[in-house]
Amino acid sequence: MMVVIFRKLWRLFWFLLWMWPFAFYSLFRSLGGRKGIKRVAYCTRSWGKFLVKNFGVKVNFVCDHLLEEGVLVVSNHQSYLDVLIHASLFPIRFTPKKEIKYWPVLGFYLGISRPVWVDRKNRQKSADTLREIHRTLADGVSLLVYPEGTTTDGEHGLLPFKATAFAAVLDTDFKIQPLITCYRRSSDNWNPAWFGDQTLLPHVWKFIGRPSLEVDVIALKPVTPLPGEDRKALAARVEKLMLEAMEQAKNPTKAVHQ
Numbered sequence: 033m034m035v036v037i038f039r040k041l042w043r044l045f046w047f048l049l050w051m052w053p054f055a056f057y058s059l060f061r062s063l064g065g066r067k068g069i070k071r072v073a074y075c076t077r078s079w080g081k082f083l084v085k086n087f088g089v090k091v092n093f094v095c096d097h098l099l100e101e102g103v104l105v106v107s108n109h110q111s112y113l114d115v116l117i118h119a120s121l122f123p124i125r126f127t128p129k130k131e132i133k134y135w136p137v138l139g140f141y142l143g144i145s146r147p148v149w150v151d152r153k154n155r156q157k158s159a160d161t162l163r164e165i166h167r168t169l170a171d172g173v174s175l176l177v178y179p180e181g182t183t184t185d186g187e188h189g190l191l192p193f194k195a196t197a198f199a200a201v202l203d204t205d206f207k208i209q210p211l212i213t214c215y216r217r218s219s220d221n222w223n224p225a226w227f228g229d230q231t232l233l234p235h236v237w238k239f240i241g242r243p244s245l246e247v248d249v250i251a252l253k254p255v256t257p258l259p260g261e262d263r264k265a266l267a268a269r270v271e272k273l274m275l276e277a278m279e280q281a282k283n284p285t286k287a288v289h290q
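Residues in the sequence shown are numbered from 33 upward in steps of one, following this note's numbering.
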């Protein structure tokens, strides 16, 4: 028990020690219009690398096909931890739900990263969001989208993809970089997924006291939109590829077609 308490306090100490220096440096780097967006994406990666190391997360990244710049990155979504893990892998701009802006700590840091806030209840703002996604990709900055729209337990495949963000890459040369993210269960079978009606802070408190956490992130072959393909067809095609890859990750004897 004392070991767990000490581990939590130790990790919180280092988090709080570096929190404000990272925040002020990122704010400074984010200045300068469109160029600031790209600079702060690299700051976000540095902060992500620090966080996963500080909190004992081991990321196994399989990236034979990875494209880093100017791509729409899509992944399955199980936890707030996804944000830290994906941020640690490459410079990226986030597309979080507007509601997350008001979350403690995470909302603050996402705000510093100059994300594209998504308001699904406002159709006009959805159009503005698509234009900003397109501009960001054109600037050579990758964006991360969780097309399921919410988190799941990670045990039952994928929720149907929301196709809105896929419209930003139609009839362009932009590519989609699919990722699958799979958390490994520890000996006590603790599930790092945060979903449903679970309360955030107790889950975070449990996580930071754990000795370690291991996660596999696999970059699939980039997807190019087909001529005349609409957003729903494109989203369905990417969803199918990711489902096949997730099945392959659970059962390596089956073939995956990418």
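Glycine included, each C-beta is placed from N, C-alpha and C at the ideal position.
Residue pairing from DSSP places leucine 104 in a beta bridge opposite Leu175, Ile208. In the three-state DSSP reduction, aspartate 248 falls in the strand class (E or B).
Tyrosine 215 is bridged by DSSP to Val247.
A direct Cα-Cα distance of roughly 21 Å separates valine 173 from phenylalanine 82.
Taken in chain order, the complete alpha helix (DSSP H) segments of 4 or more residues contained in the region 93-142 are 113-119. CA-CA distance, arginine 66 to proline 257, rounds to 26 Å. C-alpha of phenylalanine 122 to C-alpha of lysine 70: approximately 12 Å in a straight line.
Between the region 75-89 and the region 205-222, the count of C-beta pairs closer than 8 Å stays below three; the two stretches do not touch. By the neighbour-count definition (other C-beta atoms within 10 Å, threshold 16), asparagine 92 is an exposed residue.
Put simply, of Leu232, Gly80, Phe54, Leu176 the residue whose alpha carbon is nearest the alpha carbon of tryptophan 135 is Leu232.
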